[in-house]
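To keep things clear, I will list the structure first and then write my remarks on it.
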Amino acid sequence: MTIEHRKRYINTYKLASVHPLFKKDYEKTVALHLNESNEARLPEVFLPWHRWYLTEFENLLRRIDCRVTIPFWDWSKNIHHWWRGTENDDLWNPEDHGLGGDGSKLDNHCVENGPFSKDKWSLLDVSGGGCLTRNFLKRSLVHDTENVNKTLSLPLEKFNEFEETLRSDYHIEPHFVVGGTMNNPLISANSPELLLHHAFLDKLWYEWQTKGNEYQNVYFPNVPLKFHGSKYYCWEWIDSSNLPGEVKVVYEE
Ligand SMILES: [Cu+2]
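FYI, UniProt numbering numbers position 166 of the sequence shown as 166, with every residue one higher than the one before it.
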C-alpha cells in the first residue's frame with residue numbers, strides 16, 4: 001500500500017470519527033461491535049458477522065472518500081518485529097501515514113505519537129472517552145506465513161479446524177500483544193487497528209473460499225441464524241462476490 005493511500009485511509013478514518021456529519025454513524029458502527037462482542041464470537045457467527053461489520057465500516061468511510069477501502073494487516077509476515085514503527089511502511093510508523101506506536105508506560109499507556117495520539121484524538125464517550133491506549137507485548141508472534149499457508153491448505157473436511165484456527169489462534173493473539181484498547185473486548189472496536197486485523201482474517205477466509213465452490217459454501221449455509229439487532233442472516237455474508245446491497249469485495253495483495 002503506498003504512503004499516499006495510507007495517508008488517505010487514515011485521514012478518512014479520522015474524519016469519520018470526529019466530523020459532525022459522520023461522527024454519529026461512526027459511533028453507531030462502533031457500537032455494533034460493542035453490543036455484539038459476545039455473540040460475534042460464536043463459531044457460526046464470527047466470520048460472517050465480521051465480514052458484515054467490515055462492510056458497514058467501509059461503506060461509512062466511502063461516503064467520505066469513495067476511493068477508500070479497508071486495508072489488511074498481515075502480521076504473519078513480520079512476526080519477530082511486528083511492533084516496529086521505524087521503517088517507512090511499518091504499520092506503527094508515527095508519521096501521518098502510520099497508526100503511531102506503543103502507549104506510554106508513564107502515562108497510563110496512552111498513545112503519544114502519530115495521528116491517534118492523546119493530543120490529537122480520543123475514544124468515544126461510549127468507550128469511556130480518554131486516550132487510545134496500547135501496551136505492546138514485544139515478543140514474537142506464534143503464527144508465521146508458513147503456518148498461515150498451512151492453515152489455508154487444509155482440506156474441505158477440515159473446515160471446522162480452519163474456522164477455529166482463525167477465530168481462536170489468529171484472532172486473539174494480535175489483540176493480546178497490542179494490548180490496551182485493542183485488547184478490551186468492550187471497546188476494541190474503537191481502536192483504528194481493529195479493522196486492519198479483522199480485514200486480514202476476512203481475507204484468509206476469502207482465500208480459503210476461492211479454492212473452489214465447495215469451499216465457498218462450506219460455511220454453515222443452512223444456519224438460519226440472524227445477526228442480533230440487524231436484518232441480516234449469517235448466510236447472506238458468505239459469498240464476497242454477492243453481498244447484500246449488491247456489494248462485491250475482492251482482496252489485492
Ligand atoms: Cu477481534
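Ideal placement from N, C-alpha and C gives every residue a C-beta, glycine not left out.
| query | result |
| --- | --- |
| Opening and closing residue of the alpha helix (DSSP H) in which V177 lies | 171-178 |
| Proximity test, S191 beta-carbon vs ligand 1 heavy atom, cut-off 7 Å | no |
| Whether residue 269 touches S17 by CB criterion (8 Å) | Residue 269 lies beyond the range of the chain shown here (1 to 253); nothing can be said about it. |
| C-alpha gap between V148 and S76, whole angstroms | 7 Å |
| Beta carbon proximity, N93 to chain B, threshold 8 Å | No chain B appears in the structure shown, which is made up of a single protein chain. |
| Check: S168 C-beta below 7 Å from any heavy atom of ligand 1 | no |
| Contact shell at 7 Å, judged by CB to any heavy atom of ligand 1, ordered along the chain | H171, H175, S188, L194, H197, H198 |
| Where P155 falls, given that 16 or more other Cβ within 10 Å makes a residue buried | exposed |
| CB contact flag (L123, N190, <8 Å) | yes |
| Simplified DSSP state of S117, which is helix, strand or coil | coil |
| The segment 198-210 touching the segment 125-136, judged by at least three CB pairs closer than 8 Å | no |
| F227 versus N183: straight-line alpha-carbon distance, rounded | 23 Å |
| Beta-carbon contacts of F200 that lie in its chain and below 6 Å, excluding the five residues immediately before and after | F72, W73, D74 |
| Pairwise C-alpha distance: F162 and Y233 | 22 Å |
| Meets three-Cβ-pair contact criterion under 8 Å: the segment 80-96 and the segment 50-62 | no |
| 4 or more residues per run - each alpha helix (DSSP H) lying fully within the segment 203-245 | 213-217 |
| Which listed residue (Y13, Q216, N242) has its alpha carbon closest to that of P192 | Y13 |
| Within 8 Å, strictly: CB atoms of D90 and F136 | no |
| Straight-line Cα distance separating S241 from V218 | 16 Å |
| Per DSSP, cross-strand counterpart(s) of E191 | Note on identity: in this sequence residue 191 is Ser, with Glu being the wrong assignment. Bridge partners of S191: none, in fact. |
| Collapsed DSSP secondary structure at T12 in the structure displayed | helix |
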